[in-house]
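When we follow the numbering used here, the leftmost residue of the sequence shown carries the number 515, and every step to the right adds one. Where is the CB? At the ideal position from N, CA and C, for every residue including glycine. Data block below; observations after.
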Amino acid sequence: MKMKAPPDPFGDSNLNQTLFVWRKKIERDVSQGVPLDAFSVKAEKKRQRERMAEIEKLKKRREEREIEKAKREESMALSEIIRLRQEEDDDDVELKAKKDSAMEEGDTDGVLEVNLESQQQDKNRLIKPKYLNRVHTGYEWNKYNRTHYDHENPPPKFVQGYKFNIFYPDLVDKGKAPKCSVVEEDGETCIIRFEAGAPYEDIAFRIVNKEWETSQKKGYKCTFEGGILRLYFNLKPFPYRR
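This is how it looks when you write it as structure tokens:
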């Protein structure tokens, strides 16, 4: 006759339960005011299901965070690629503008930029356009200067013209060309202002207040191509009067 092992060989009823609860934990919880009904097998199974559900929620949130992180990293990488390509394009555009506006004898880089107080509140959301400008200076050999000066002892140099290259590669309305206006002031100088629209702020420079030569034969040029506004002009000389 075969002997069957008793259902509880160690005399511990907890071993017969599917889920067992530590006696010391029960004693501790009871001492802290937890009712005895909370330590039934049914209650413990419920707590276990709740813990598993919470673990699943945590796993799901972790997976969602990993997916969001991967998307952010992908977006940042794409933005960096676009930025680098844009910088390369900007460099190409600036290089072309430099070639088109090569320094000639008498040219300098110094065109005084003017701060426009009217758009201070928009500084945080607008971009300042890049620019490459030239000032052409030279001698005016009018009758007076020819009488009083020679090539060994030349007269003072005067501003004879300007070359403005303003870069607008990211205009919102690419079909609308930027425009410029001249603000007259009392004195020998005036302000030339360039306006292009979003996302660029207006930009202005102080120039000599003289009439422009507007003939292409005399160097005048005003074009907007490839995101570059080019404005080249010479100044009419003052006629000499006795």
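DSSP, reduced to helix, strand and coil, places E698 outside both helices and strands of the structure shown, so it counts as coil. Excluding residues up to 5 positions away in sequence, P669 lie with their Cβ nearer than 6 Å to the Cβ of Y663 in the same chain. By the criterion of at least three beta-carbon pairs nearer than 8 Å, the stretch 650-659 is not in contact with the stretch 705-718.
Proximity to V625 across L646, R639, L640, K642 peaks at L646, based on C-alpha coordinates. A distance below 8 Å between beta-carbons, with the five flanking residues on each side excluded, links G733 to the following residues of its chain, in chain order: G675, E727, Y746, F747, N748. Residues A691, P692 of the same chain have their beta carbon placed closer than 7 Å to that of F738, with the five preceding and five following residues left out of the count.
Counted as a single uninterrupted DSSP element, the stretch harbouring N656 is not any beta strand (DSSP E), since DSSP gives it neither H nor E. Secondary structure of V628 (DSSP, three-state): strand. A direct Cα-to-Cα measurement between E580 and C704 gives close to 59 Å. V686 sits in coil when the DSSP states are folded into three classes, being neither helix nor strand. Taking every protein chain shown into account, the CB of V686 has fewer than 16 other CB atoms within 10 angstroms, so this residue is exposed.
As DSSP reads the structure, A718 sits in a beta bridge with V628, R707. Check the Cα spacing between L743 and each of R586, V544, R707, K583: the tightest is with R707.
For E727, the three-state secondary structure derived from DSSP is strand. Between the alpha carbons of E594 and R575 lies a distance of about 28 Å.
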